[in-house]
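Residue numbers (our numbering): -19 to 94.
No residue lacks a Cβ here, since even glycine has one placed at the ideal position from N, Cα and C.
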């Protein structure tokens, strides 16, 4: 799935970006951002492995929530001067792209269910 590939690429970028986060954030913001981003493609994959469109839709919605969480966490990282404006912009654009793709996928699944 294209949305899974985009989410996977986002996770790789998040891991690369968080490598430079302060050591004192290892168990705080670094861990939280990595887990939130990782949850996006993980839930897409799990939903695709489940039986039926209702379960798929539920896991896609969870992935959407994780994308929203990731969006907030990168804003916080920017506001704390842990990442610069360019890094924030790149991450935010990728998150927005994933969220739009998830939204379209959820709408398609919802239409298929009805």
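Where residue i falls, given that 16 or more other Cβ within 10 Å makes a residue buried
i           : result
residue 37  : buried
residue 74  : buried
residue 76  : exposed
residue 21  : buried
residue -12 : buried
residue -19 : exposed
Extent of the continuous alpha helix (DSSP H) to which residue i belongs
i          : result
residue 96 : No information on residue 96 is available, as it lies outside the stretch -19 to 94 that the chain covers here.
residue 21 : 9 to 28
residue 84 : 65 to 93
Nearest candidate by alpha-carbon position, reference residue i, set the options
i          : options           : result
residue 90 : 39, -9 and 13     : 39
residue 17 : 42, 35 and 33     : 42
residue 19 : 50, 65, 34 and 67 : 50
The stretch -10 to 2 / the stretch 25 to 36 touching (three or more Cβ pairs under 8 Å): no
The stretch 42 to 62 contacting the stretch 3 to 13, beta-carbon criterion three pairs below 8 Å: yes
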